[in-house]
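Chains as they are written, first to last, in the numbering used here: chain A, 1 to 435; chain B, 1001 to 1316.
Encoded structure:
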């Protein structure tokens, strides 16, 4: 395994020092002959952890594979991703989750932790074999029917109770299905003007309210995916104030973009939950800043071109987000003064790792800790382009927009996956991990 | 005018200009040979992804009166029913050499997507996109109102001060949307009346007033009242209890019709559900301009095709 010496990096707490890596962990002193990375002027962050990624494999390899998705992750500074369950076959058995995890391990660009389905086939009817997935080699700890809401109150109650047995958490896609039938964009003045069926905030807020009450009643742990409205923030703030064991995520796009983009009918901006109003953007930013929302997760959702080159109603929901996530967080939260880099390290690494029960992220940069890190250049500015995308799909809402910051290097388990802003070749990464 | 996608793109002068050209086009219909050579050699494709016999026939006759060649594509039994998407259908039709595409589509924004997609060079005329807009319907409605009010002296005038009440399923109506903005652009004041379930969320941002009480709206003595079609599927989705209650509360019944001022225009974009949103007496009365709307539709569509295909015109 390569030894690395990273000189002059600024750590999240603002201190500046050299970092030494050997044998996949941080070490005290430089190893002779170590590869040198000049990090002067760069911000060192712990390896980023995405609790919400769609890798699409098995089943939808035209959109993304574990390899292409983890390359996209590495390019964005991520060293671990939690892969959502809506594959085909669905990640609802030990066999499928083990396959996905092993594909990740085989390629080595990032740790892949599969998320298990809550219900068989995401159908919302019967619990999937949560125990088998938890005890499998994939050691699943996060369960979600993401893409669909566990809308049946009784099933949600059972799921919350049952996953506790295995130290797991339910990550809820909060969307009341009847209130959002055919929904296309945020419900409001603009949706009415555009003649697109509205997705009202109450459909998210009502499910979160129900679920936090269930979690309180049962003493269970709940995670809320992609919080998008000011009303949801209020419910979460109330729940946390009562001591309910709930965590929540916000996506980069909900921190930066608003529903106004739908006025073009350009389906790149079609996403679920939809882009909301400016006041919602401000509310989720404030919530991330004050801890009401715990983490940022990308909801990286690759789709082939033909799924987006269509009328708005016929196009697929979703945006890719791994490669742009840190830049968007910098634009929305850091450059606005709402978060410092230590907070970024928390919301994009330590906190998502803790929610997902992922080891190795609790004491970043400490001697003996696994060497997962990202080096970012916050001073860079770039017009985001398809060349910045490394997954299989290009459905990014940021193409053509200027974004701050860029990833200069990513190190996963002591092995560089990105150097000088370029992905390292697959053979080198595989070889490095095997060494 | 390169495309006609939305009435929101029209200024007052643009809209008045279209209405004036439509006046000229209407005069053609009275000739012994009601045809102009203007668009000879040009091809107009009617792309109807959603059934609409009236609008399709209206555009067809408009194009033919301007001597354009017309090809018509309807989704039923076509490649679309085999899963072909908008892009491929449009490119296929365009490859046959068309100068303008008149499109009806079930998806809101489809006309904009086609115009912005870079897939074809032809001009795009929106003949109704989902629940978004139906610009030529609003133009023909405005034309009808103007002609009814001012007769032969209509040219150059807008609808300043006209009070129009639109009643019914505003939520799902592209006709209501296009009318709300176009009539406002032309100086009319628009009042929308519907059960709360059929008024769009956020309608407060539209240039209109709204209410739920049709009797109060009738007592307000509007200059024109437009009844919107109630689609049968709304009945099954809890927007209102049943047809009887709808007709009682929001239908233009004989009784309400009798209370309207003698010169109030009665309008309907068709096809009508007699006995539901409009009574037969109202539909067939002398105050009904429903058939004028159909006639004027051809003139308006001639004007629009002329403007998008002649490159330069009275309208920028």
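Ideal placement from N, C-alpha and C gives every residue a C-beta, glycine not left out. On a predicted model such as this, the values are computed, not experimentally measured, just so you know.
Residue contact with chain B for residue 188 of chain A: present (Cβ-Cβ distance below 8 angstroms to some residue of chain B). Residue 1131 of chain B reaches chain A at 195, counting residues in chain order whose Cβ is nearer than 7 angstroms.
Between the segment 173–189 of chain A and the segment 1167–1176 of chain B there are fewer than three C-beta pairs closer than 8 angstroms, too few to call the two in contact. When Cβ-Cβ separations below 8 angstroms define contact, residue 1108 of chain B makes contact with chain A. Shown here, residue 407 of chain A sits in a strand according to DSSP, grouped into three states.
Residues of the segment 192–219 of chain A with a Cβ closer than 9 angstroms to any Cβ of chain B, in chain order: 192, 193, 194, 195, 196, 197, 198, 200.
Nearest Cα to residue 1252 of chain B within the set B:1234, B:1271, B:1276, B:1243: B:1276.
Between the segment 1182–1194 of chain B and the segment 1153–1162 of chain B there are three or more C-beta pairs closer than 8 angstroms, enough to call the two in contact. The beta carbon of residue 1239 of chain B is closer than 6 angstroms to those of 1197, 1198 in its chain, skipping five residues each way along the sequence.
Closest in alpha carbon position to residue 370 of chain A, among A:398, A:355, A:412, is A:412. Pairwise C-beta distances place the segment 21–30 of chain A out of contact with the segment 79–94 of chain A, as fewer than three of them are shorter than 8 angstroms. Residues of the segment 267–279 of chain A with a Cβ closer than 7 angstroms to any Cβ of chain B: none. Interface annotation, residue 1209 of chain B: not in contact with chain A, CB-CB separation never under 8 angstroms. The beta carbon of residue 321 of chain A sits closer than 7 angstroms to the beta carbons of 251, 252, 253, 298, 299, 300 from its chain, once the five residues preceding and following it are set aside; these are given in chain order. Note that the C-beta distance between residue 159 of chain A and residue 110 of chain A is not below 8 angstroms. Secondary structure of residue 1166 of chain B (DSSP, three-state): strand. The segment 397–416 of chain A and the segment 425–433 of chain A touch, with no fewer than 3 CB-CB distances between them shorter than 8 angstroms.
Under the Cβ distance rule, residue 1174 of chain B counts among the residues neighbouring chain A, one pair being separated by less than 8 angstroms. Sequence-distant Cβ neighbours of residue 94 of chain A in its own chain, meaning closer than 6 angstroms and more than five residues away, are 132, 133, 136. Within a 10 Å sphere around the beta-carbon of residue 1290 of chain B sit 16 or more other beta-carbons, which makes this residue buried. Nearest Cα to residue 43 of chain A within the set A:8, A:309, A:303, A:232: A:8. Close partners of residue 1236 of chain B in chain A (Cβ separation under 7 angstroms) are lacking, with about 13 angstroms as the shortest Cβ gap.
Here the C-alpha atom of residue 1249 of chain B lies approximately 8 angstroms from the C-alpha atom of residue 1213 of chain B. With a cutoff of 8 angstroms on beta-carbon distance, residue 1210 of chain B and residue 1228 of chain B are scored as not near each other.
Around the beta carbon of residue 1242 of chain B, a 10 Å sphere encloses fewer than 16 other beta carbons of the protein chains shown; the residue is thus reported as exposed.
Here residue 393 of chain A is not near residue 384 of chain A, since their CB atoms are 8 angstroms or more apart.
Exclusion of the five residues before and after residue 197 of chain A leaves 182, 183, 184 as the residues of its chain whose Cβ lies within less than 6 angstroms of its Cβ. For residue 1150 of chain B, none of the residues of chain A pass the 8 angstroms Cβ criterion, the least Cβ distance being about 30 angstroms.
Scanning chain B for C-beta atoms nearer than 7 angstroms to the C-beta of residue 325 of chain A yields nothing, as the closest lies near 28 angstroms away. Excluding the 5 residues flanking it on each side, residue 239 of chain A has same chain C-beta neighbours closer than 7 angstroms at 212, 246, in chain order. By the Cβ-count criterion, residue 99 of chain A is buried, with 16 or more other Cβ atoms from all chains shown falling within 10 Å of its own Cβ. For residue 352 of chain A, the enclosing alpha helix (DSSP H) begins and ends at 351–355. At least one CB of chain A lies nearer than 8 angstroms to the CB of residue 1200 of chain B. In the three-state DSSP reduction, residue 377 of chain A falls in the strand class (E or B).
According to DSSP, residue pairing for residue 1265 of chain B in a beta bridge involves B:1224.
By the C-beta density criterion, residue 1092 of chain B is exposed, having fewer than 16 other C-beta atoms within 10 angstroms.
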